[in-house]
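Have a look at the structure below before the remarks.
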Amino acid sequence: MDRADKETRKQASRKKNKKRSLTLSAFTIILILTIVLAIVTRFLPAAKFAGEELVDGSGVVGATLSQTLLAPILGFADAIDICLFVLILGAFLKVVTKTKALETGIEVLIKKLKGRELILIPILMFIFSIGGTTYGMLEETVGFYALLSVAMVAAGMDTLVASSVVLLGAGSGVLGSTINPFAVGAAIDALPEGIAINQAHIIGIGLALWLTTYVISTIFVMAYAKKVIKKKGSTFLSLQEQKDMEATYAPKDDNSKEAPKLTGMQKLTLWLFFLTFVIMIIGFIPWGSFGITLFEKGKIFSTLTGLPLGEWYFQESTLWFLIMTIVLGVVNGMSEHEFVDTFVDGADDMVGVILVIAIARGASVLMTQTHLDNYIIFNAAKALQTVSKTVFAPLNYLLHVGLSVLVPSSSGLASLSTPIMGPLAHELGFSVEATIMEMVAANGLVNLFTPTCGAIMGGLELAKVQYTTWLKWVAKVIVTIAIVNIVILTIAMVIL
Numbered sequence: 040m041d042r043a044d045k046e047t048r049k050q051a052s053r054k055k056n057k058k059r060s061l062t063l064s065a066f067t068i069i070l071i072l073t074i075v076l077a078i079v080t081r082f083l084p085a086a087k088f089a090g091e092e093l094v095d096g097s098g099v100v101g102a103t104l105s106q107t108l109l110a111p112i113l114g115f116a117d118a119i120d121i122c123l124f125v126l127i128l129g130a131f132l133k134v135v136t137k138t139k140a141l142e143t144g145i146e147v148l149i150k151k152l153k154g155r156e157l158i159l160i161p162i163l164m165f166i167f168s169i170g171g172t173t174y175g176m177l178e179e180t181v182g183f184y185a186l187l188s189v190a191m192v193a194a195g196m197d198t199l200v201a202s203s204v205v206l207l208g209a210g211s212g213v214l215g216s217t218i219n220p221f222a223v224g225a226a227i228d229a230l231p232e233g234i235a236i237n238q239a240h241i242i243g244i245g246l247a248l249w250l251t252t253y254v255i256s257t258i259f260v261m262a263y264a265k266k267v268i269k270k271k272g273s274t275f276l277s278l279q280e281q282k283d284m285e286a287t288y289a290p291k292d293d294n295s296k297e298a299p300k301l302t303g304m305q306k307l308t309l310w311l312f313f314l315t316f317v318i319m320i321i322g323f324i325p326w327g328s329f330g331i332t333l334f335e336k337g338k339i340f341s342t343l344t345g346l347p348l349g350e351w352y353f354q355e356s357t358l359w360f361l362i363m364t365i366v367l368g369v370v371n372g373m374s375e376h377e378f379v380d381t382f383v384d385g386a387d388d389m390v391g392v393i394l395v396i397a398i399a400r401g402a403s404v405l406m407t408q409t410h411l412d413n414y415i416i417f418n419a420a421k422a423l424q425t426v427s428k429t430v431f432a433p434l435n436y437l438l439h440v441g442l443s444v445l446v447p448s449s450s451g452l453a454s455l456s457t458p459i460m461g462p463l464a465h466e467l468g469f470s471v472e473a474t475i476m477e478m479v480a481a482n483g484l485v486n487l488f489t490p491t492c493g494a495i496m497g498g499l500e501l502a503k504v505q506y507t508t509w510l511k512w513v514a515k516v517i518v519t520i521a522i523v524n525i526v527i528l529t530i531a532m533v534i535l
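So for the sequence shown, this note's numbering puts the first residue at 40; every next one is plus one.
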């Protein structure tokens with residue numbers, strides 16, 4: 040029996056090792072996708088040009104070997120703003136970690152919750168979703184993956200829960216954008232003159248999509264988190280991922296029996312830490328488009344970054360984090376050498392994340408260079424000219440699901456799609472508002488799992504969660520959300 044038992048264990052071990060060897064890294068997955076896109080362009084009709092202007096939908100320009108090889112490098116150049124942001128963010132987090140303020144603060148919080156840690160999930164997901172529906176909070180969430188990984192692991196959960204809270208939380212809001220200028224705003228601006236839009240209809244559809252997606256996501260995350268807390272072995276993470284999680288985020292063993300307690304300096308550090316993120320979020324929200332002039336030029340933040348709160352993008356937020364990193368170092372009495380060493384170590388930790396983001400952006404760059412995106416959208420629009428409302432809505436949604444894998448940017452997709460699909464819906468007598476939200480919802484759905492989204496790949500890399508693991512876990516959530524989305528959008532198309 041012992042020999043048979045040993046043989047059984049060996050076979051199981053071989054299967055596990057084989058399965059692990061088949062798991063591809065984020066880098067490999069994105070590079071394979073880029074190569075596949077390049078190959079596809081060689082088999083499609085050649086694009087026609089009228090002078091220097093592309094004849095829409097006529098075909099593509101086949102990707103050359105040099106374009107394919109250069110795509111990740113050009114992706115780096117295209118994503119340099121978010122790459123610099125992540126680099127400085129790493130330094131900021133390392134300086135905070137050095138003070139042990141965050142670690143101690145989380146220990147105090149978990150102790151106070153006393154078995155009620157799960158309440159953090161719906162609260163945090165709803166907060167993230169507000170950011171998503173109002174200003175498209177997605178790439179700005181990268182830093183929260185590491186922050187919540189520390190908290191969730193300390194609370195007896197895993198980094199997959201942390202990733203889900205951030206990605207599904209913010210993603211549910213982006214999917215159900217109501218006033219998001221980078222999705223809804225960009226789509227409305229891209230419409231030709233003469234097509235009237237009822238903003239109330241867009242907000243109504245957005246609310247329905249946002250809240251249903253939030254509820255579905257929260258239910259799935261809560262159910263999984265309960266399993267992990269109850270039994271560690273129920274985690275979806277592989278053994279290697281669990282080891283990486285433990286090495287990076289597990290609370291350090293503390294032999295002292297004293298209850299964790301924050302010092303005055305650590306409390307100040309935490310206040311400055313949270314203030315930094317709050318100001319960043321306020322800075323990204325386009326207050327001017329809502330008629331709010333509270334943050335006009337001439338205030339302190341305009342002096343520091345050159346732009347008032349509400350007009351920030353990654354350059355301004357990068358500078359803000361750099362300033363606050365220095366402030367935290369000074370406040371905590373770090374020497375010049377100690378601060379510089381910590382700063383460099385933190386930036387170094389983010390190199391892998393930055394490379395993933397850059398390579399992911401390369402796939403989108405190749406799409407634009409070959410005009411593959413233009414070819415797909417124009418020919419799909421022709422195919423939808425003869426269908427009914429109840430068929431148009433789901434097919435248009437599915438079309439944009441496919442397009443969003445190739446063009447993950449909501450504003451980029453809106454600029455590409457809306458000038459074609461908006462007039463088509465208007466000409467057929469269909470709801471233009473529902474048509475816009477089909478694009479927005481599809482793009483939001485895809486940005487919960489697409490490997491061409493740098494924020495997802497970078498965030499998962501930070502949380503020590505393999506992309507393939509995330510894809511397997513989130514599949515049921517995605518399918519459920521997609522079905523509900525299609526039902527809501529079809530109803531909206533019929534009644535509006």
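Ideal Cβ positions, reconstructed from N, Cα and C, are used throughout, including at glycine. These figures come from a predicted structure and were not determined experimentally.
Who does residue i pair with in a DSSP beta bridge?
i      : result
Leu-93 : Phe-88
Val-99 : Ala-85
Helix or strand or just coil, what does DSSP make of residue i?
i       : result
Met-532 : helix
Val-260 : helix
Asp-387 : helix
Ser-168 : helix
Asp-553 : No answer is possible for residue 553: it lies beyond the span of the chain, which begins at 40 and ends at 535.
Tyr-253 : helix
Arg-400 : helix
Pro-290 : coil
Ile-495 : helix
Tyr-352 : coil
Gln-424 : coil
Thr-474 : helix
Ile-362 : helix
Asp-197 : coil
Ile-161 : It should be pointed out that residue 161 corresponds to Pro in this sequence rather than to Ile. Pro-161 falls in the helix class under three-state DSSP.
Leu-61  : Bear in mind that the predicted position of Leu-61 carries a pLDDT of just 47, short of 50, making it too unreliable to give a figure here.
Pro-347 : coil
His-410 : coil
Gln-279 : helix
Ser-203 : helix
Pro-231 : coil
Met-373 : coil
Val-446 : coil
Thr-274 : coil
Out of curiosity, what's the CA-to-CA distance linking residue i and residue j?
i       : j       : result
Leu-246 : Ser-427 : 25 Å
Val-395 : Ala-289 : 24 Å
Gly-212 : Ile-74  : 32 Å
Ser-450 : Leu-301 : 44 Å
Lys-282 : Glu-500 : 14 Å
Lys-306 : Gly-327 : 34 Å
Thr-536 : Thr-357 : The structure shown has nothing for residue 536, since the chain only spans 40 to 535.
Val-379 : Val-135 : 13 Å
Val-444 : Pro-490 : 8 Å
Thr-529 : Ile-522 : 11 Å
Thr-425 : Cys-492 : 33 Å
Ile-365 : Ile-119 : 22 Å
Asp-228 : Gly-483 : 19 Å
Ser-60  : Val-223 : Low per-residue confidence applies at Ser-60: pLDDT is 43, beneath 50, and the placement is therefore not dependable, though the value from the model is reported in the following sentence. When rounded, the distance between both Cα atoms is 42 Å.
Ala-502 : Val-181 : 10 Å
Tyr-414 : Thr-507 : 30 Å
Ile-268 : Trp-509 : 19 Å
Met-532 : Ile-318 : 39 Å
Gly-175 : Phe-417 : 26 Å
Leu-141 : Ala-422 : 55 Å
Taking 8 Å as the threshold (C-beta atoms), are residue j and residue i in contact?
i       : j       : result
Leu-93  : Ala-86  : yes
Gly-391 : Leu-206 : no
Gly-345 : Gly-322 : no
Gly-171 : Gly-195 : no
Ile-149 : Ala-193 : yes
Met-478 : Ser-456 : yes
Leu-276 : Val-504 : yes
Ala-262 : Ile-160 : no
For chain C, find out if any of its Cβ atoms is closer than 8 Å to the Cβ of residue i; answer yes or no.
i       : result
Gly-322 : No chain C is present in this structure, which holds just one protein chain.
Nearer than 7 Å: is that true of the beta carbon of residue i relative to any heavy atom of the ligand MG?
i       : result
Lys-282 : This structure does not include the ligand MG; it has no bound ligands of any sort.
Cβ contact check for the segment 109–116 and the segment 130–138: 3 or more pairs under 8 Å = Taking a cut-off of 8 Å on C-beta distances, the segment 109–116 does not touch the segment 130–138, as fewer than three cross pairs fall below it.
Between the segment 456–473 and the segment 233–246, do at least 3 Cβ pairs fall closer than 8 Å?
-> yes
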